[in-house]
Structure formats: structure tokens, C-alpha cells
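Only one structure is covered here, and it is reproduced in the block below.
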Amino acid sequence: MSDEVVLQTRALSKVYRDFWGRQKVRALKALDLEVRRGEVFGLLGPNGSGKTTTMKLVLGLLFPTEGEAVVFGRPASDVSKNERIGYLPEESYLYRFLNAEETLDFYGRLFDMPASTRAERVDALIKQVGLDKARKRPLQEYSKGMTRRIGLAQALINDPELILLDEPTSGLDPIGTREMKDMIIKLKEQGKTVVMCSHLLADVQDVCDRIAILHQGELKELGRVDELLTVADVTQVKGRNLTPECQNEIREVIARHHGELLSMDNPTTTLEELFLDIVRDSEARPGRRAASVAAANASDSPPSS
Amino acid sequence: MVLERQVLPYFTWLIQGEPGGLGALPRFLLVMFGVGLAALLIGFLVAALRYGFSRGGDLTYRTVYGGFFELLQTKWRRVWALAVLAIKEARRRRVLVALGVYFVILLFAQWFLSTDYPEPARLYLSFVLTATTYLMLGIGLVLSAFSLPSDFKTKTIYTVVTKPVRAGEIVIGRILGFTIVGTVLLAIMGLASYVFVVRSLDHTHRVDAETLTNVMIGGKLQGYDGSTDKVMSHRHSVELDAEGNGLAVLDRGHTHNIDRVGEDYKVSGPIGLMKARVPKYGKLTFIDRNGAKKDSGISVGFEWKYRSFIDGNTQAAAIWQFDGLDHDSDDEFLNLALIVRVFRTHKGVVGRPLTGTIQLRNPETGVVSAERSFSARDQQIDEFEIPRALTDPKEEPIDLFEDLVTKDGRLDVIVQCLEGGQYFGFAQADCYIRLPEGDPRTNFFKVNLSIWVQMVIVIAIGVTVSTLVSGPVAMLFTASFILLGFFRQFFLDVATGQEYGGGPLESLVRLVTQKNVMVELDPGVGVSIVKAIDDVFQGFMWCVGQLLPDFRSLSAVAFAADGYNVPWDRVWQDLTLCGAYVVGLSILGFFLLRTREVAR
Ligand SMILES: Nc1ncnc2c1ncn2[C@@H]1O[C@H](COP(=O)(O)OP(=O)(O)OP(=O)(O)O)[C@@H](O)[C@H]1O
Ligand SMILES: [Mg+2]
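Here it is in C-alpha cells:
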């Protein structure tokens, strides 16, 4: 992970309006984010919290009401940024009358790549997402998971540097989910930047370097996953071969560094706990950034190792 | 009639236009400028309303500026990919069903089209070509109007616009793809309709041996006269030479060749059913009843403005001057055609057509030929084969080409009306010299090309409109655009107040108050308000009228039906017009799509 900022939003806000310009929903409120090259960034939040809206704003599918999104140093409305972006939408919006090969070939043609490279990539991606057997079948016959897979292949057709995945694991079977996680990690290893949103917190915890938690369009939490999940004011000690006396006098023992100290660190909570806490807190006290809340609350609940 | 308006030479049309009018190119640029300005203003107003004055201005500026550069980045590869997608989509939407419909139409046509007409080819051609036109316009409309809106509805557009696709490429790709689909359909329909017409009218006759009588001149057998049997409700008279070869005489617009084979006669299929006459036009001037030269004749009221009349039995005459003829020509004939509009102030002798005269004159030496009289039948094409050997009014022999055509190839044709109190009306295109005929098949192709041009314009309009609104609305909008296009002249006349009855609102008032279009409305505040609103409305109508494609004048069906060659000049003009619409609409569609929030 380098310091190069790939994606940046500055006070990004979105108000959905109806035809007459009347305000319907404030979907996003002054969001400031920075995503750096090579990291996997997770956008979390309950349904309707503005994750998809954020992605659409970054892609230029929506125009911001205020603020701006900058991708590769260019405004989101600049089409040429799309050369280096891959996008998997919430649902796979693909042409149902095309088959897998035709679909990938079509999207491939929209990029500047030679025909031979395109053919290779199409073939490799179909195999990679496990649709080799169904490559000639039109998408309207596909199951949800299969559609998801071809949608993912479509997002990777240009070997993008920045990949936006909107709920990548939705509709996938456990194996598919596993493969998806492996693939995200592989992409990270290749130095790509991934921005994803998901409701499967365990998966996010596994793959994401940093996360942002949104609630009702507001940023509630932002930071490295490992830091966020650390319960700062709790210390966990693991030891072996400690006599009962020693255990009784554990504080002194540790103070004097007796015995074999196997580990001594802060316990971590799960992302699930963190998430629920933040959402509960935000609902109780709306409009506040839940900065220290997480840690404070985490200490109340029993830490799990 | 086809020849109501003359086709201008291409470059005259492009640069200068009709006398007093505007060339197509300056007109295009003006319209583009006007539309651009209006779009800029509307865009700015909308943006300013939504985001405030300065941000709106900034947005407008960036849209135009960035848009301009984006337009330059249009890549053929992506356009083609999107075009192929459009083709696949059209196929999935079962566009081929249209062909089935077409064949059914042809099958039914077989029932009610009759060959029992003076010119059956005209009926057949105008039917099949008109059917093709409407079907193709319908297909273009449905294909183009629903495509993009369905992409928006199914959100497939999200995956497309998040690729490096410029908005213009989506528009042009659609237009191109549907044009290709339409072209294939039109080609099949064109071929089918050609075969249909030829096969429907194809027939042969048997020479009725019993009717043949010997033609003897000076006791020598010169040939035979006779007639054929009756096929397709007509029979021809037959003229054969001494060897028994000859010709079935012109009837129903066609002839047959006849060859003697042994004892039998072999009659060919119909010849000349489809024609492609090539007229050569002259320049028309008039002489009034007192013998003075004039640019126009007299008006007999509300007639075509550009046609004017000469009064009979006076010195009044219509004179066409032709140029580019060959003084040294070896031809035996000069083929002249004349269309007369007859205006009677009294019945004359009932049942007898009016007579007029034609004279040829050398514009330099003033040598004239003897008057040749003809019977004028209203609106009919009279064709004259004027032989080379003529006489002057004193019965001295003169040669048409040597004596009447000047060295630089000019010739005057003078037409007069002989009957007092009656009038002949002429326009410049009403008299022409018939050049060697064009190939009817090429002509048929050209007419289909004119259908193609209309189809492409419809597709371009449909795609452009559909960047902004939903499918049904886009279709409705495009359909009304086509409809207005068919009545463009009327629409413009209403807009410029040349139609009786005032503007739309005034007409409505007249309708409700049951006043006819000629009476003045009683002056008053109400009427002034109505007229003021109409002025604004008419201004708006005028603006819309400038954008409307004139589908009626784009149609070349009448050329084929009436048996005229479609001049290449016209074909190029149509194609240029088509290109102009595609370019203009693509740019418009590009900006519309670009400023549209895709994921709303
Ligand atoms: N096109 C739209 N018109 C009006 N409101 C919208 C539109 N799209 C989204 N919204 C509203 O904006 C808010 C944020 O929606 P968004 O789709 O960004 O949520 P999300 O975080 O992606 O939720 P989910 O987890 O369910 O996908 C919601 O209140 C939603 O109702
Ligand atoms: Mg979402």
C-alpha cells in the first residue's frame, strides 16, 4: 500500500429530488474519504445508508448535490477515468440476450485493447469465474449466482486498477463466497485497489484493510480494521506453567515479568460487535460521529478471543 | 406531380439554394447555431435554477467545453461494438417479423391491385413503394424509440457508461446499428417488391394469325397489320415487316417485340413498363397579350404561385429556352414533352380539347418552324417526337438542328393557346426535352434509397429523443415529428401567417365561435390577446418548422410511379440532408445523454 490517493471524496453530498426538484431523500451527507492505492476498502452500513449512492457518485452515474469525487486525480464526470476502473453493480445489469462470451467480448470492445488480448482475457475470465460450461448460454437462463459471476468477470475485463464491488458476495454459494474473498485478496496482492460494500461482516473483516461505516448518509467510523477492532483499555494475558500462587499474584508476577509470558495484548472484538454498537449508538444519538464510542462500548461487552 | 419543383444542381442547392432562398449548408449552420444557442440557454437556466447562478454557469461552461473534447475522442471501435449490440437487440426483438408482415401485404395486394389500368406499373409501383416507406418508417420508429429507454429501465446502461464510452458513441452506435438492420430489411423488401411488380405485370400475348392483313404498297408486300389476343385486359395492335418481325404497338405503357419463328410468332415480355424518363429543362419566360416580354404570365387566382398563365388567341406565349443541345447532332428526332394546366373561363365546345401550338425558334437568327398544333389535356404529359426535317411558316424546308439550334446549343420552344378566353398555365418544369431514358432498375434503387434516407432520419430522431424520455413518450414524440414533417409546408405557412384563419389559438376561437376563416374577428381586447399569444406561438412553430424534415418532399415514390428518373443531384441532396440530420441529432443526443443523470 502506497500513499498515492486513488479515490477521494470531498464533502460529497447527495440529495435525491423528484421531477419538480423537491427534496426526497438526503442519501449522503458531506462524506470525506480517501482510498489509497493497493488497499481493500470496505463501505459498511445498514440498508439505505448510502453505500451504493457513494459508489454511483464516484463513478459519475450520479451527479453530486455538493462536494466532489475525484478518481485518479480526475473528476468523476470524466469518462476517461473508466479506462482503469471496474464496477460490479448491486445487481448484475447485463444484456440478457447475450451469452457469456458475447457479454465479455462486448464490454471488452469498449476498452482499448487488441483483439487477441481481448479473446484471451474473455477466455481466462470465464474460466476464472467458473462459467466454462455455460459460456454459450444466454444470460437470461442464468441463476442469480451465475449472473453475479459473469458480472464480476465483466468488471475485470479491462484488468482495472480500481475495482468497485457493490455487495460482491450477494447471491453466491459458500464456495463462491470463498472464491470471491480469495480473489479480492489476490487482486490486492497484484497491487490493485478494491472498494467494496457488503453486509457479510465476517468477510469484510477477513479481506478489508480499512473500513468506513455509514449510517443514514453520515460517516460514523473510519479506520484500519485491526485498529478499530482493538479494545484499547483491556489487556489480555496468556500464560503457561503458572503456579496457582503465581496466578494469584498475577499482577505482581506480570509486573516483575516472572513466568513465561506467552502473550500480552489487547483483545479484539468482532466487526459484527463494532458495527452493531455503532448503529445502535447512532440511532440513539443521531448526528454524532461515533469516534470513541466503539472502544468504550466494546469494553462493556464480553471480549471474545 | 413529380415535376412541380425542379431539382437544383447539387452545389447550387448546397451553397445558394433557390433564388431568394438559402443554401442547404448555410441553412444547416444557422439552424445548428440557433439550436446550440437555445440549448445553451435552456441548459444554463435549468442548471441555475437547480444549483444557483454561478455554479450553474460553471456547470454549463464545463459541459460545453468538456463535451467538445469528448466529441473528438469518439472511437470507431466502440461505436461499432455498440452498433453490433443494437443489431443483436433488434434481432431479439423479432424485427424480422416485419418481413413477414411485408410479404402478407404483398399477398393481399395481389388481390386488389388490378392490371386493368391505363398505366398498371404506376399503380403497382406507387403501392409497393408507399407500403415499403410506411413500414420502414414504422420499424425505424419502434426500434429507435424503445432501445435506450429500455436500457435505462433495466439499468444495463450502468455497466455501459461505467466503461470508457462517450455518450456520443452510444447515440451514434444505436443509430448505426438500427440503420444496418433497417438497410437489410429494406434491401430484402426492395428486392421482393421489384420482383413482385415485374412478375405481376409480366405477360405475353399470342399474335392472332387471323387478324393479320397484308400491307401492300405499290403491289409489293411491305408487311402485316393485325392484333394480339387479349391478356391482362388489353390487346395490342401489331405491326410486322415482310419477314414477320415487328412490334406490338404501345398500349398500357408498354410494347412487345415480335419475332417470327417458323410459322409461329414469338412475343417477348412487356418492354418499357417501368420508365425512367430523363427530362432536360429550359428556362421559362413569357410574352404578354400585347407582345411584351415578362418574367411571368398572369395569375388566375389561388393557384400554384409559381405557375402562371397565358391567355388564348392573343400574342401571349410561354417561351422555354434550352441550352446544351448539339448543333451537329445526328439524331432524327427531338423528343419534347409538355404538360399543360388548362384554365377555362367558358366551356368552349363541349367535349373538344383546347388547341395550342408549338413552335421552335432559333434564339439568334430568329428562324422559326411552322406552328404545330396539339390538343391540351389538363395535367397530362404530351410527348412529341419532332422530326429533324421541318418547314418554316412559308413552307420552306429547314433542319431542326442545323437551322434552329444555335452553334452554342440553344433553342427556343414557343407555346401559345389558340382559343380566345381560355388560358394555359405553365411552370418552368412543364416543358422539357427527353434525354435518353435511364435504367428503371437503377431508378428503383434510387427510390428505395430515398426511403432509406427517411428511415435513417427517423432512427436518428428516435434515438436522440429517447436519450431524454421514456420509450412510449419517445415514440409519440418522434411520430409527431414525422407527422409534422409530412405537413411541414402547411405547418410553416400557419407559423408565418400565410394560411387563412390566423394562428392556432385564433383558429380555435374561430372554431368555437363558428366564424369562417375569411371574416375579420371583431377587434377588442380579447382578440388582441389571442393574437399576441398566437404571435408567440407562431414564432415557436416557426422555430420547430426549421428543424422538421420535409418527409413529403423526401419521398421519391412519385418519380418511380410517374416514370421519371430520379436525378443524381437529388440523390446526393437527400443523402447530404440525411447526413446533416444524423450529425446534428447525434451532437444533440450526445449532450442530452451526457447531461442526464444516469442512475436517477
Ligand atoms: N434513485 C433514487 N431515488 C430516490 N431515492 C433514492 C434513490 N436511490 C437511493 N435512494 C435513497 O437513498 C438512500 C441511500 O440508498 P443507497 O442505495 O445508497 O443505500 P445502500 O447503502 O446501498 O443500501 P443497501 O445496503 O440496501 O444496498 C436510501 O434512503 C434510498 O431510499
Ligand atoms: Mg446498495
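Chain order of the listed sequences is Z and F.
Per my numbering, the very first residue in the first sequence carries number 11; after that it's consecutive.
Per my numbering, the very first residue in the second sequence carries number 192; after that it's consecutive.
Idealized CB from N, CA, C, for every residue including glycine.
Remember, predicted model here, so these are calculated numbers, not experimental data.
Look at R94/Z: its beta carbon is at least 7 Å from all of the heavy atoms in ligand 1. By the neighbour-count definition (other C-beta atoms within 10 Å, threshold 16), Y293/F is a buried residue. When DSSP states are grouped into helix, strand and coil, Y103/Z belongs to the coil group. For V288/F, there are no neighbours in chain Z by C-beta distance under 9 Å, as the nearest C-beta there is about 16 Å away. In the structure shown, Q413/F adopts extended strand secondary structure according to DSSP, grouped into three states.
Contact between N504/F and G437/F is ruled out by a C-beta separation of about 43 Å, above the 8 Å threshold.
Secondary structure note for T251/F: its alpha helix (DSSP H) is the uninterrupted segment 244 to 263. By the Cβ neighbour-count rule, L221/F is exposed, with fewer than 16 other Cβ atoms within 10 Å of its own. Among the CB atoms of chain Z, one or more fall inside 8 Å of the CB of Y349/F. Cβ neighbours of A561/F within its own chain (closer than 8 Å, five residues either side excluded): Q550, L581, T582, D583, P584, E586.
Per DSSP, the beta bridge partners of L175/Z are L98/Z, M206/Z. With respect to the 8 Å criterion, G381/F and N553/F are not classified as neighbours on the basis of their beta carbons. I624/F is positioned such that its CB atom lies closer than 8 Å to that of L527/F. Around A567/F, the same chain offers V531, V533, P544, L545, T546, G547, D573, C608, F615 as residues with beta carbons nearer than 8 Å, after the five sequence neighbours per side are excluded. Relative to the non-hydrogen atoms of ligand 1, the Cβ of V735/F never comes closer than 7 Å to any of them. For the region 123 to 182 of chain Z, the continuous beta strand (DSSP E) assignments of 3+ residues that do not extend past its boundaries occur at 172 to 176, in sequence order. L69/Z belongs to the set of residues whose beta carbon lies under 8 Å from a beta carbon in chain F. Relative to the non-hydrogen atoms of ligand 1, the Cβ of S59/Z comes within a distance shorter than 7 Å of at least one. Close to I95/Z, with beta-carbon spacing below 8 Å, are these residues of chain F in chain order: T353. Proximity of chain F to K66/Z at the Cβ level (cut-off 9 Å) is accounted for by Y349, V789, A790, in chain order.
Between T395/F and S305/F, the C-beta spacing is not below 8 Å. The DSSP-derived three-state label of R32/Z is coil. Restricting attention to D176/Z, E177/Z, R220/Z, the CA atom closest to the CA of R234/Z is found in R220/Z.
Closest by C-alpha distance to D522/F, out of L591/F, V286/F, I652/F, is L591/F. At a cut-off of 8 Å, the C-beta of L334/F has no neighbouring C-beta in chain Z.
Per DSSP, reduced to three states, the secondary structure at E199/Z is helical.
Judged by DSSP in its simplified three-state form, Q215/Z adopts helix. In the pairwise beta carbon analysis, the region 156 to 174 of chain Z is classified as touching the region 109 to 123 of chain Z: at least three pairs are separated by under 8 Å. Comparing C-alpha distances from K346/F to each of L104/Z, V214/Z, K137/Z, Q18/Z shows the shortest one belongs to L104/Z. Between T19/Z and A79/Z, the C-beta spacing is below 8 Å.
Contact between G96/Z and C207/Z does not hold, since their C-beta atoms are separated by about 15 Å, which reaches or exceeds 8 Å. In its chain, beyond the 5 residues on either side, T19, R20, A21, L22, L229 have a beta carbon closer than 8 Å to the beta carbon of D42/Z. Counting along the chain, the unbroken alpha helix (DSSP H) around G775/F starts and ends at 759 to 785. Straight-line spacing of the CA atoms in P217/F and F728/F works out to 26 Å. For T321/F, there are no neighbours in chain Z by C-beta distance under 7 Å, as the nearest C-beta there is about 33 Å away. At a cut-off of 4 residues, the continuous stretches assigned as alpha helix (DSSP H) that sit fully inside the region 33 to 92 of chain Z are 61 to 69.
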